[in-house]
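Step one of this worksheet: look at the structure below.
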Amino acid sequence: MKFPPKYLLLIIVALAFVLRVYKSDSYGVFLDEKYTLVISQGIVMEGANQKDVFFTPGKRYFTPKEFWKEKTFNDFIEANIRGDIGNSPAYYGVFWLWTKLFGLSDFSVRFLSVLFSTAIVALVYVFVKRHFRSESLALISASITAFEPFFVAYSHQARNYSMSFFLTLLATHLFLLVVRPRSSSTSEKTSAWLYLAYGLVFVLSLLSHYLTLTVFLCHGLYALFFLRPFKRWIPFVATALVGIGLVALWFVFGGGKYTFQTLAYQAKLYGELAQTHPYDNPFAIILPATFANVAIKSAPLWADLLMFTNGLGQIEFLGLRNILLSLVLGGVAAWCLHRYLTSQKYPAVYLAAFALLLVTGMPFYTVPKLQYVVLAAAPSFLYLLAGFLKNHTAETPRSLLWFMAMLAIVPTLFLVIMSFKNNHTYGLTQRYSGFSFPYSILFVAMMLKQFWKLPAAPKAILGVVLGIQLYFIGNLLVRIYQDRDPKYTYFVNPRGPNPYMTTAGKIVEQYAPGDTILYPSVKLHPRDEIERTHSPYAIQDAQLTNLYLPKDAEYYQRMDTTQTDKVILIKGATGKREVLFDFEGRKYRY
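Numbering (the working numbering), first residue to last: 7 to 596.
In structure tokens form, the structure reads like this:
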């Protein structure tokens, strides 16, 4: 008996949920997540809007009750401006409501991303089944999405990415429902609701992350090239104008009013650092945007969009010479595969040559790695994808395939163009073009469907290669769970548990009336007015610890500018000092 697709989908979604929720709270919040926590609560990191709490002349002490005093919408706007250049207000609003319901534990704040990331898997299935009319293609696409390391990694972050990936895919789904209705008899009422839904998701997407604009640029390109007659543009133009008008309110009256100014400042700052301090700056390695630098930096972004080339764009690790040799041999191997499948003469010769060419380079690579075998097979996988597209043009309009290609390519291409424009490589990172993944996954699913139709012998050969790549994907997932993959978790040495939550727990347990808590304070070096606050000393450790203290508590706390690492409890009765936590410099300040 055939297994019902709906049960397969439930299994896939359940597996995706397990992969995402597993170890989601094992490691303490890192810098970007810290900003999520404070911005969502209307608090400016370093206290620009908490002068009365931390910086009132003559006032040495503060309490959690003062820290948690009611915040206004203006506080939220200021926190968003200073903490995230006015970006992602929709996400912070959703996150604020989520924390009101479920609290600020590491599990809770990341669980929102887990849910959005899991929902992407189900939405990929709905998207592919509806627009490509293939149950099997939809199930394969959903399965790949479930295991995709990128989605797993970002589901473990209390950041806007999983939500924005979901919203942009939903927007594309709604867009296609409007421009490619199932039948010409779709009622005007239904169309009106679809336009309304599309407009709403358009606004929410832009206000969840500004770079979602690259997805809507693709929507516009599709309309420009394929939407006819031109009168069909009218409702889309109207929807876009209304949506842009609503988003503009945030830029005029809300936290977005300083966005372009800050972006220009950052572009100038990073550009100068790329020229003067590319390796020794407070941010990361920032190189000038030469062709070579951009190519090396962006290669992993392109390669990792396709699961069968994941990890194969690391030019510095694999070596340019080795990569080129592998691709040349792989190109010839793909030609041999083509000849085997299409020629009546010498099929055994072509098959043997195909298999040998995948491994022939091993003695000639500077260091033999199995990644080169997978890379040599990449042209053959692309050949299979081309074969699928050729065989299904009657079922799938070319306009839809071009649209998917644009959505898979344009977000990363935009980052490359902006890198050259701003003359630095700092923005070339996978999370800023992650909107492309659902569409690149679709192409991988097409390739797998074509792979399954191969004769037994080449299927076995490429099956071994896929097995090797699955091993590497599995190893990558293990590194993500171990918090030691620099690209996806940003860390080589795994983080420990949340130090601020740990410290807050000790305070609640040990504090008695008359006690005082001292927080370490490092010297600040603000780069601009947005970073400048009311004191030359940091209060970040105190703020982040107070996030986890009872909101009505009246624990006496003060800053200790004589030391930079230890949270100390001074017992009022004896004057005894007890170290509650030692950050040890940057070791526990993730």
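We put the CB at the ideal spot given by N, CA and C, even for glycine.
Please read all numbers here as calculations on a predicted model, not as lab measurements.
Out of 52, 455, 508 and 528, the CA that lies nearest to the CA of residue 397 is found in 455. For residue 70, the enclosing alpha helix (DSSP H) begins and ends at 70 to 73. Contact check between the segment 146 to 166 and the segment 482 to 495: three or more CB pairs, one atom from each, fall below 8 angstroms, which counts as touching.
The segment 73 to 83 and the segment 142 to 149 do not touch, with fewer than 3 CB-CB distances between them shorter than 8 angstroms. Within the DSSP bridge table, the entry for residue 563 names 68 and 523 as partners. The three-state secondary structure of residue 588, taken from DSSP, is strand. Sorting 202, 365, 528 and 231 by C-alpha distance to the C-alpha of residue 570 places 528 at the top. The continuous beta strand (DSSP E) containing residue 576 extends over residues 572 to 576. Residue environment: residue 481 is assigned as exposed (fewer than 16 neighbouring CB atoms within 10 Å of its CB, all protein chains considered).
By a beta-carbon distance limit of 8 angstroms, residue 526 contacts residue 589. Their separation comes to about 7 angstroms.
Nearest in C-alpha terms to residue 151, of all of 133, 137 and 211, is 133.
One alpha carbon belongs to residue 446, the other to residue 307, and they sit about 12 angstroms apart.
Residue ranges of uninterrupted beta strand (DSSP E) with 3 or more members are absent from the segment 90 to 177; none lies entirely inside it. The beta carbons of residue 221 and residue 441 sit closer together than 7 angstroms. Taking the C-beta atoms as reference points, residue 292 is found nearer than 7 angstroms to residue 430. Residue 271 carries a helical assignment under DSSP once its states are collapsed to helix, strand and coil. DSSP places residue 582 outside both helix and strand once states are collapsed to three, so it counts as coil.
Contact between residue 300 and residue 425 holds: CB atoms are separated by about 5 angstroms, below the 8 angstroms threshold. DSSP places residue 62 in no alpha helix (DSSP H); its state is neither H nor E. Comparing alpha-carbon positions, the option among 343, 432, 475 and 188 lying closest to residue 376 turns out to be 475.
In the structure shown, residue 378 adopts helical secondary structure according to DSSP, grouped into three states. If only complete runs of 4 or more residues are kept, the segment 431 to 478 shows the alpha helix (DSSP H) at 443 to 458, in order along the chain. In the DSSP assignment, residue 306 falls within the unbroken alpha helix (DSSP H) covering 297 to 309. Contact between residue 214 and residue 173 holds: their C-beta atoms lie close to 6 angstroms from each other, under 8 angstroms. Looking only at 378, 581 and 69, the smallest Cα-Cα distance to residue 327 is reached by 378. Counting only residues of its own chain and dropping the five nearest sequence neighbours on each side, residue 562 has a CB closer than 6 angstroms to the CB of 67 and 522. Under the three-pair Cβ rule at 8 angstroms, the segment 91 to 98 does not count as touching the segment 51 to 61. In this structure, residue 268 places its C-beta atom within 7 angstroms of the C-beta atom of residue 91. Remark: C-beta atoms of residue 205 and residue 178 do not approach each other more closely than 7 angstroms.
Distance check between residue 218 and each of 167, 203, 200 and 198 places 167 closest, using alpha-carbon atoms only. Note: residue 543 is bridge-paired with 529 in the DSSP secondary-structure output. Unbroken alpha helix (DSSP H) runs of no fewer than 4 residues, entirely contained in the segment 22 to 46, are found at 37 to 46, following chain order.
When DSSP assignments are scanned along the segment 348 to 394, the uninterrupted stretches of alpha helix (DSSP H) that are 4 or more residues long and fall wholly within it turn out to be 353 to 365. In this structure, 577 is the residue among 577, 531 and 104 with its C-alpha nearest to the C-alpha of residue 520. With fewer than 16 other Cβ atoms from the protein chains shown falling within 10 Å of its own Cβ, residue 288 counts as exposed. Three or more beta-carbon pairs drawn from the segment 550 to 558 and the segment 500 to 508 are found closer than 8 angstroms, and the two stretches are therefore classed as touching.
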